[in-house]
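First the structure, in the form of structure tokens, and then the observations on it.
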Amino acid sequence: MTFAVILVAIVVVSVLFHFLSPWQATPLASNWGSIDTTITITLVITGIFFVAIVLFMAYCVYKYKAVPERRSEYRPENKKLEWWLIGITTVAICALLAPGLIVYNDFVHVPANAVEFEAVGEQWRWSYRLPGKDKTFGRTSVTRIDENNTFGIDPSDAAGQDDILIAGNQIHVLINQSTKALLRSKDVLHDFYVPQFRAKMDLIPGQVTYFWFTPTVLGTFDILCAEYCGIGHYNMRGQVVVDDASSYQKWLSSQVTFADVLSGGTVEGLVDQGQRLASSRGCIACHSIDGAPSLGPGWLDLYGRQETLSDGSQVKVDGPYLIESVIDPAVKIVAGYPPVMVAYQMSDEQLDSLVAYIASLSSDPDNSTSIQPSIEE
Ligand SMILES: [Cu+2]
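Residue 481 is where the sequence shown starts when you use our numbering, and the numbers rise one by one after that.
If you want it as structure tokens, here you go:
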């Protein structure tokens, strides 16, 4: 009897939890209401089966409880019941599968008027490319990827010259405009997921995957990597900003093209160069710049500070120490942090710019003025 009551209680609590739980879906912000419908259909069908099966178990536990002297009934076969079970199960499985197949078919059939953007994932950040005025992306190849050509665009392909390269984790899209997302990965599996759009797709190294969506609500939405991709996975976040036409044009006009990058673009100072490097090489995935806790030591007020190392010794954070930490991070680990950073190869100029950028995040003026060129010619 007790066991039957527990089973009934499990059913009641599960159903109540489903309706009363504070963890409900975020409001929909795209055209993919049909994905919500599919999830609802799945929940209803599996919910009905869950309730029916557990209640049937409770009934059997109660009705057929052990009674001394009573013998088990023997019913070797019941053709009629078997046909019913086969029929109901078949219908239910079709009802579970069919809506998903129909919606997925829509999800990868891109309307002709869709505009495109490309999202490139790597451990552990996002970057984006737009096709530019010719509406055609330039050819890419992994063999062309280097620190100046982070997308691996073929410079000899005319279609690539006007491609717009977006630095940083934020992409803008136009409201009520069908948009195709093309997805590439530089290293391992990632997954592009915007919960409010109900849209997600894996990034697979060596392939270009895609889907489309139409954003229907203005605002900023988080892009989450939804495929476990290494120790910094939790921090692999980006943002998609849904703009109206005028804000979108304003944003677009401030972006640089591949041709700008090839020609050296705008002359930038050492600190700006370091900031761009920190973003493009993914440093900021593990080192926060605003004092927030992160996988490695945060950079806010780091320069000039005394740090305690894992062996108990002290070190002052200066140029040479920072450079050593980039090119050979395992030598001096700050106490309390895991030894997970991989060694980075950078030119002397890049290392200097990175040090200048980290020093610029230090509020102590003595520290920022005492930057020494750390690499002697
Ligand atoms: Cu990822």
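Glycine included, each C-beta is placed from N, C-alpha and C at the ideal position.
In this text the structure is predicted, and so the values were computed from the model without any measurement.
As a quick exercise: from Met826, Ala815, Lys796, pick the residue whose alpha carbon is nearest that of Asp808. Met826
Closest to Val583 by C-alpha separation, out of Phe631, Ile703, Gly640, Ser514, would be which residue? Ser514
Exposed or buried, what is Ala679 when buried is set at 16 or more other beta-carbons lying within 10 Å of its beta-carbon? buried
Determine the extent of the beta strand (DSSP E) in which Phe691 is found, giving its start and end residues. 689-693
Going by DSSP, what residues sit across from Arg717 in a beta bridge? Leu704
So which of Ile625, Leu535, Ala509 has the shortest CA-CA distance to Val492? Leu535
Relative to the alpha-carbon of Tyr673, which residue among Arg717, Pro591, Trp779 has its alpha-carbon at the smallest distance? Arg717
Note the first and the last residue of the continuous alpha helix (DSSP H) segment covering Tyr728. 725-733
Inter-residue CB distance, Ser665 and Ile644 (contact presumed, cutoff 8 Å): With a Cβ gap of about 20 Å, Ser665 and Ile644 do not count as contacting.
Is it right to say Asp626 is buried, meaning 16 or more other beta carbons lie within 10 angstroms of its own, or is it exposed? exposed
Uninterrupted beta strand (DSSP E) stretches inside the segment 780-837 (no shorter than 3 residues): 786-788, 794-796
Relative to the C-alpha of Ala661, which candidate in Ile703, Asp637, Pro818 has its C-alpha closest? Ile703
Does the segment 774-783 come close enough to the segment 726-741 to have 3 or more Cβ pairs within less than 8 Å? no
First and last residue of the alpha helix (DSSP H) that includes Leu750? 750-760
Compute every distance between the C-beta of Gly771 and the non-hydrogen atoms of ligand 1, then say whether any falls below 7 Å. no
Who pairs with Leu683 in a beta bridge, going by DSSP? His670
Look up Gly648 in the DSSP assignment and say whether it is helix, strand or coil. coil
Mapping the DSSP letters down to three states, classify Tyr608 as helix, strand or coil. strand
What residues in its chain sit with their C-beta under 6 Å from that of His463, if we drop five residues either side in the sequence? Look at the range of the chain in this structure, 481 to 857, and you will see that residue 463 is not part of it.
Check whether the Cβ atoms of Tyr783 and Val806 lie closer than 8 Å to each other. no
Nearest to Pro507 by alpha carbon, out of Leu757, Val736, Gly699, Tyr837? Gly699
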